[in-house]
Amino acid sequence: MAEQGPDIFIVIDAVDPERVADFWAAALRYRRVDRLEQYVVLEPEEGATGSVLLVQGVPEVKQVKNRMHLDLHVEDPEGEAARLVALGATRHENGELGEIRWICMRDPEGNEFDIGQR
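Right, here's the structure in full:
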């Protein structure tokens, strides 16, 4: 019998964890389930699958490019980028590798993420 892999919790640092949690809850269509000290806990809507997202309050502002980021793959990347800009994200630049294209974005505190097509 194969051993089950670990549950994945993704952690995003934020000076204003409430604001960033509100953004990511709306962006991912997640629900806020708890607040534990410096963490705001977000989970997929009931019946949906996905990793738990923890928005961690930290005292320092983001300084350099993230070494790891989220890639959101959707049917309509341009439409999704516009929706996320309306929620507080900023559009940074476009990327491409051969026929693969994506949109580089930043959340309200500058954490990078990409939007690609399914």
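Start counting the sequence shown at 963; every next residue gets the next number (my numbering). In this text, a Cβ means the ideal position worked out from N, Cα and C, and glycines have one as well. Being a predicted model, the structure only gives us computed values, none of them experimental.
{"Query": "Pair within 9 Å by beta-carbon distance, A1051 and A976", "Result": "no"}
{"Query": "As assigned by DSSP and simplified to three states, the class of V982", "Result": "helix"}
{"Query": "Residue burial classification, G1077 (beta-carbon count within 10 angstroms, cutoff 16)", "Result": "Going by the sequence as given, residue 1077 is Ile instead of Gly. Under this definition I1077 is a buried residue."}
{"Query": "Length-filtered (3 minimum) beta strand (DSSP E) runs lying within the stretch 979-1036", "Result": "992-998, 1001-1006, 1014-1019 and 1032-1036"}
{"Query": "Start-to-end residues for the alpha helix (DSSP H) that takes in G1041", "Result": "P1039 to L1049"}
{"Query": "Three CB pairs or more closer than 8 Å across the stretch 1015-1032 and the stretch 978-992", "Result": "yes"}
{"Query": "Distance, C1066 Cα to E1074 Cα", "Result": "7 Å"}
{"Query": "Cβ neighbour criterion (16 or more within 10 Å) applied to P968", "Result": "exposed"}
{"Query": "Cβ neighbour criterion (16 or more within 10 Å) applied to F985", "Result": "buried"}
{"Query": "Endpoints, beta strand (DSSP E) assigned at N1056", "Result": "T1052 to L1059"}
{"Query": "Chain-order list of residues whose beta-carbon lies under 6 Å from that of P1039 (same chain, five-residue window excluded)", "Result": "I1065, I1077 and Q1079"}
{"Query": "I970 - DSSP class collapsed to helix/strand/coil", "Result": "coil"}
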